[in-house]
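Taking it in order: structure first as structure tokens, then the write-up.
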Amino acid sequence: MAESKLKTYLGFARRAGKLALGVNAAAACKGGVYLLVADGSASENTKKEIGKLAKRFSCPVLVTEDLETLTGKECCKLAAVREENLARAMISATEPKC
Numbered sequence: 890m891a892e893s894k895l896k897t898y899l900g901f902a903r904r905a906g907k908l909a910l911g912v913n914a915a916a917a918c919k920g921g922v923y924l925l926v927a928d929g930s931a932s933e934n935t936k937k938e939i940g941k942l943a944k945r946f947s948c949p950v951l952v953t954e955d956l957e958t959l960t961g962k963e964c965c966k967l968a969a970v971r972e973e974n975l976a977r978a979m980i981s982a983t984e985p986k987c
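The opening position of the sequence shown corresponds to residue 890 in this note's numbering, with each subsequent residue numbered one higher.
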């Protein structure tokens, strides 16, 4: 259920032009990144870059299993969400419910 909501929110962000796909695209963002969604199968170097970007933007990192399917882009290992409300919705959708 959480993964389908995440896919929906990523689609909203993409259609709104508020989603940067890929490590290089995320690094080119000039601030205003509120969430990084990373693929768990990323290489160690990519994970280091994601950590640097998270520190640079002071934003959380959400790790998912199949980001390619969620974004519809082949070999996608990182998505940077540049819309604050959508980022909050994605975080709350993936938090475990008690």
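Ideal Cβ positions, reconstructed from N, Cα and C, are used throughout, including at glycine.
Determine the DSSP secondary structure at residue i, reduced to helix, strand or coil.
i    : result
V922 : coil
A917 : coil
A905 : coil
Among all the DSSP beta bridges, which residues are the ones paired with residue i?
i    : result
V952 : A927
When the Cα atoms are used, what is the spatial distance from residue i to residue j?
i    : j    : result
A962 : G900 : For clarity, residue 962 is Lys in the given sequence; the question names Ala instead. Those two C-alpha atoms are separated by around 12 Å.
R903 : E933 : 26 Å
A909 : L956 : 13 Å
C918 : K896 : 22 Å
A915 : T953 : 17 Å
G936 : R977 : Per the sequence shown, residue 936 should be read as Lys rather than Gly. Whole-angstrom Cα-Cα distance: 22 Å.
Run the CB neighbour count on residue i, radius 10 Å, all protein chains shown included, and call it buried at 16 or more, exposed below.
i    : result
T958 : exposed
C965 : buried
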